[in-house]
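Novice:
There are 2 protein chains.
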Amino acid sequence: MRISYDTNMHELSVGATLYKSVKRQILAGLASGEWKPGEVIPAEKRLSQQFGVSIGTLRKAIDELVAENILIRHQGRGTFVAMQSRDHHLFHFFSVVRQDGERASPSVSLVQFSKGKADKEGCERLGISSTAKVFRLTNTLSLQGAAVQIDEITLPEALFAGLTEAQLRNRPSTLYSLYQVDFGLNVIRISERIRAALASAAQARLLNVKPHSALLETHRTAFSYNNQPIEYRVSYLNTAHHEFAPREV
Amino acid sequence: MRISYDTNMHELSVGATLYKSVKRQILAGLASGEWKPGEVIPAEKRLSQQFGVSIGTLRKAIDELVAENILIRHQGRGTFVAMQSRDHHLFHFFSVVRQDGERASPSVSLVQFSKGKADKEGCERLGISSTAKVFRLTNTLSLQGAAVQIDEITLPEALFAGLTEAQLRNRPSTLYSLYQVDFGLNVIRISERIRAALASAAQARLLNVKPHSALLETHRTAFSYNNQPIEYRVSYLNTAHHEFAPREV
DNA sequence: TTACATTTGTTCGTATGTATA
DNA sequence: TTATACATACGAACAAATGTA
């Protein structure tokens, strides 16, 4: 058998290999909302025909997406778009524990909501221009009744068009679930950097500590498919009775 | 073409699938020392013949071992047994980066070495009695010439019998390499908790900061096989120009 | 309960591309 | 240049799990 590869047929210009191209096309389908979390995507055979590649190539593309926890395969049932439930978001992305090791889910309270421009670092992390409009919100997180963390969150207006304060106050689940359900934005990865800082007067008031207490300052960028940054947040944690617990390695 | 699968030929009794069986056989070769860290293993074609499987099946077995960082493939050169080198320990367990994101390896300086008893938390983390003897050492870590972190390390004497100050000062590589080479203790997992703290006078002097500056305080327990704790350390990081970078999730 | 269609999982073998020594 | 080794791609056959008629 003679096999000839006509690369032009498959638009291989960027990622160089065919299966990477297929992977990108599947990711595009996810990003566009064509296939939503929890739903089943078309069968391998059908997708391979649709993309004009062999079943093996299609499987290799899906293999990588499964390894990245973006798709989930069930033999005999199909391949599904991974769903990030409240619990997933909570225990996957919330790393604060009590000093005795006890984990609990925080109760969130919105203290400020406005529209404006992002600061310099926010623009960089979100990959937006310094003139772009953003939503800015401030939350306090309470554990066992006491406020222990302040979250200052920046969201690009281009991605969260129409977001309202009421929407935030009335949301039934986590913020990341709201991103998913109301805006089709799935947080699949976060990148964090942690520093120590001294509490400002305003922070001290919110957290009920003395000014110039030591706080844990975390800068987080949250990404969706295709490494698109969708949220930038700076958090301030009172570590008098709680700690930050990174993933074990 | 007629394909018949004679499962008995491949000893599939345990892992159920052929490639899993091949994977186990490769792992056995590694454990037996047939192929040593840093060495190249036989070519895929040769291994597939040796195990009596197709090249695709052999590749699938190796795929998983590569994903687990047990083997490393180099196109055109061969497949190598992964080595846990200085760099592995460094970049796997050292999470401090400069605020511009630049990573560098720290230069370590021993400032104190003694034998005594562990504090309460040290005893708990190491699972030893409050009367057990331990080694206590204090290091400063410098990046770009300036001290940025203090490490206070506690080691059970039962595991590190005969450890000397000279041994620590003259070690050619990382501390964890010394554990491995001189005491046969492999650090395979660490558990950390992070707080913010105010610098004491002594800490301020070592890190060249003002007393009551904010420092990042990390409590780490290092484990060997079978979840045996072998080291407890408390670190104090000056985050004026550096940050703690957890694994991305 | 059984039979069947559908879907993913595993295995085979071959051809060709790309990187390295 | 040549040989070797891994990387990508094709397609076929069969196995196992699942849901449904």
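Quick note, the sequences are listed as chains A and B, same order. Going by my numbering, the first residue of the first sequence is number -13, and it counts up by one from there. Going by my numbering, the first residue of the second sequence is number -13, and it counts up by one from there. For every residue, glycine included, the Cβ atom is placed at its ideal position computed from N, Cα and C.
May I ask which residues mark the beginning and end of the beta strand (DSSP E) holding Tyr218 of chain A?
Specialist: On the first sequence, residue 218 of chain A is found 232 positions in, with the first residue counted as 1. Where Tyr218 of chain A is concerned, the enclosing beta strand (DSSP E) stretches over 215 to 224.
Novice: With respect to 7 Å, is the separation between the Cβ of Gln98 of chain A and the closest non-hydrogen atom of the ligand FMN below this value?
Specialist: By its list of ligands, the structure shown contains no ligand whatsoever, and the ligand FMN lies outside what it can speak to.
Novice: Taking the alpha-carbon positions, what's the Ser221 of chain A to Ile180 of chain A distance?
Specialist: Counting from one through the first sequence, the residue named residue 221 of chain A turns up at place 235. Counting from one through the first sequence, the residue named residue 180 of chain A turns up at place 194. Those two C-alpha atoms are separated by around 9 Å.
Novice: Any C-beta of chain A sitting closer than 8 Å to the C-beta of Val235 of chain B?
Specialist: The residue labelled residue 235 of chain B in the question sits at position 249 within the second sequence. Closer than 8 Å to some Cβ of chain A, the Cβ of Val235 of chain B qualifies, so yes.
Novice: Specify the secondary structure class of Ala147 of chain A as computed by DSSP and reduced to three states.
Specialist: Here the question's residue 147 of chain A lines up with position 161 in the first sequence. Of the three classes helix, strand and coil, the one that applies to Ala147 of chain A here is coil, per DSSP.
Novice: Listing by chain order, which chain A residues have their CB less than 9 Å from the CB of Thr225 of chain B?
Specialist: Position 239 of the second sequence, counted from the start, is the residue given in the question as residue 225 of chain B. Ile180, Arg181, Ala182, Ala183, Glu203, listed in chain order.
Novice: Using the Cβ count rule (16 or more neighbours within 10 Å means buried), how would you classify Ala14 of chain A?
Specialist: Residue mapping note: residue 14 of chain A aligns to position 28 of the first sequence, counting from 1. Looking at its Cβ environment, which holds fewer than 16 other Cβ atoms inside 10 Å, Ala14 of chain A is exposed.
Novice: For Ile176 of chain A, which beta-bridge partners are listed by DSSP?
Specialist: Translated into positions along the first sequence, residue 176 of chain A becomes position 190. Bridge partners of Ile176 of chain A: A:Ala208.
Novice: Based on DSSP bridge pairs, tell me the residues matched to Asn194 of chain A.
Specialist: For the purposes of this step, residue 194 of chain A is taken as residue 208 along the first sequence, with counting starting at 1. Looking at the DSSP assignment, Asn194 of chain A forms no beta bridge with any residue, so it has no partner.
Novice: If we call anything under 8 Å between Cβ atoms a contact, is Lys238 of chain A one with Ala47 of chain A?
Specialist: Residue 238 of chain A cannot be examined here, being either before or after the span of chain A that is shown, -13 to 235.
Novice: Judging by CA-CA distance, which residue of A:Arg84, A:Leu129, A:Asp105 is the nearest neighbour of Val120 of chain A?
Specialist: Residue mapping note: residue 120 of chain A aligns to position 134 of the first sequence, counting from 1. The option with the nearest alpha carbon to Val120 of chain A is A:Asp105.
Novice: Go ahead and label Thr225 of chain A buried or exposed: buried means 16 or more other beta carbons lie within 10 angstroms of its beta carbon, across all protein chains shown.
Specialist: Here residue 225 of chain A is taken as the residue at index 239 of the first sequence, counted from 1. The residue is buried, with at least 16 neighbouring Cβ atoms inside 10 Å.
Novice: For Pro23 of chain A and chain B, any beta-carbon pair shorter than 8 Å?
Specialist: On the first sequence, position 37 is the one that residue 23 of chain A refers to. Cβ-Cβ to chain B under 8 Å: no for Pro23 of chain A.
Novice: With 8 Å as the limit, tell me which residues of the region 154 to 183 of chain B have their beta carbon closer than that to any beta carbon of chain A; keep them in chain order.
Specialist: The residues in question are Arg175, Ile176, Ser177, Glu178, Arg179, Ile180, Arg181, Ala182, Ala183.
Novice: For my contact list, Leu123 of chain B and Gln98 of chain B are in at a C-beta cut-off of 8 Å; report their separation, rounded to the angstrom.
Specialist: Counted from its first residue, the second sequence places residue 123 of chain B at position 137. Counted from its first residue, the second sequence places residue 98 of chain B at position 112. Sure, about 6 Å apart at Cβ, within 8 Å.
Novice: Skipping 5 residues on each side, what residues in its chain have a beta carbon closer than 8 Å to that of Pro232 of chain B?
Specialist: Working through the second sequence from its first residue, we reach residue 232 of chain B at position 246. Around Pro232 of chain B: Ser81.
Novice: Can you confirm whether Pro232 of chain B, when its beta carbon is compared against all beta carbons of chain A, has any partner nearer than 8 Å?
Specialist: As a first step, residue 232 of chain B is located in the second sequence; it is residue number 246 there, counting from the start. Yes, contact with chain A.
Novice: So that I know if they touch, is there some Cβ in chain A lying closer than 8 Å to that of Glu54 of chain B?
Specialist: Along the second sequence, one-based indexing puts residue 54 of chain B at 68. Not closer than 8 Å to any Cβ of chain A, the Cβ of Glu54 of chain B fails to qualify, so no.
Novice: Going by DSSP, name the residue or residues bridged to Phe230 of chain A.
Specialist: Mapped onto the first sequence, residue 230 of chain A falls at position 244. Answer by DSSP bridge pairing, in chain order: A:Val82, B:Ile180.
Novice: Fully enclosed by the region 86 to 137 of chain A, which alpha helix (DSSP H) runs are 4 residues long or longer?
Specialist: Taking only runs of at least 4 residues, the alpha helix (DSSP H) segments lying wholly in the region 86 to 137 of chain A are 106 to 112.
Novice: Tell me which residues share the same chain as Ile58 of chain B and place their Cβ nearer than 6 Å to its Cβ, disregarding the 5 neighbours each side in the sequence.
Specialist: Numbered from its first residue, the second sequence carries residue 58 of chain B at position 72. Closer than 6 Å at the Cβ level, and outside the excluded window around Ile58 of chain B, lie Phe66, Ala68.
Novice: Could you name the residues of chain A that Glu229 of chain B contacts, counting a contact when the two beta carbons are closer than 7 Å?
Specialist: For the purposes of this step, residue 229 of chain B is identified with residue 243 of the second sequence, where counting begins at 1. Those within 7 Å of Glu229 of chain B in chain A are Arg179, Ile180, Arg181.
Novice: Beta-carbon within less than 7 Å of Arg111 of chain A's beta-carbon, same chain only, minus the 5 sequence neighbours each way: which residues are those?
Specialist: For the purposes of this step, residue 111 of chain A is identified with residue 125 of the first sequence, where counting begins at 1. Cβ neighbours of Arg111 of chain A beyond the five flanking positions: Thr207, Pro215, Tyr218.
Novice: Is it true that the CB of Gln61 of chain B sits closer than 8 Å to the CB of Phe37 of chain B?
Specialist: To locate residue 37 of chain B, count along the second sequence from 1; it is residue 51. To locate residue 61 of chain B, count along the second sequence from 1; it is residue 75. Not in contact: Phe37 of chain B and Gln61 of chain B (Cβ atoms no closer than 8 Å).
Novice: Skipping 5 residues on each side, what residues in its chain have a beta carbon closer than 7 Å to that of Glu20 of chain A?
Specialist: Taking the first residue of the first sequence as position 1, residue 20 of chain A is located at position 34. The answer is none, since no qualifying residue turns up.
Novice: What residues are listed by DSSP as bridge partners for Ala2 of chain B?
Specialist: Counting from one through the second sequence, the residue named residue 2 of chain B turns up at place 16. Its beta-bridge partners do not exist; DSSP assigns none.
Novice: Have a look at B:Lys103, B:Asp137, B:Ala188 and flag the residue whose alpha-carbon is nearest the alpha-carbon of Ala118 of chain B.
Specialist: Translated into the one-based positions of the second sequence, residue 118 of chain B becomes position 132. Nearest of B:Lys103, B:Asp137, B:Ala188 to Ala118 of chain B, Cα basis: B:Lys103.
Novice: Output the boundary residues of the beta strand (DSSP E) element that contains Ile56 of chain B.
Specialist: Position 70 of the second sequence, counting from 1, holds the residue named residue 56 of chain B. Neither: Ile56 of chain B is in no beta strand (DSSP E) and is coded neither H nor E.
Novice: Check the Cβ-Cβ distances between His60 of chain A and every residue of chain B, and say whether any is below 8 Å.
Specialist: For the purposes of this step, residue 60 of chain A is taken as residue 74 along the first sequence, with counting starting at 1. Not closer than 8 Å to any Cβ of chain B, the Cβ of His60 of chain A fails to qualify, so no.
Novice: Tell me, please, which residues DSSP counts as bridged to Gly64 of chain B.
Specialist: Residue mapping note: residue 64 of chain B aligns to position 78 of the second sequence, counting from 1. Answer is B:His60.
Novice: Which bits of chain A does Ala200 of chain B rub up against, with CB to CB less than 7 Å?
Specialist: In the second sequence, the residue the question calls residue 200 of chain B occupies position 214. Residues of chain A passing the Cβ test: Ala182, Ala183, Leu184, Ala200.
Novice: Leu(-2) of chain B CB to nearest chain A CB: under 8 Å?
Specialist: Your numbering for residue -2 of chain B matches position 12 in the second sequence. Only weak support is given to the placement of Leu(-2) of chain B: the predicted model assigns it a pLDDT of 44, under 50, and the value that follows is read from those uncertain coordinates. False, the Cβ-Cβ gap to chain A never drops below 8 Å.
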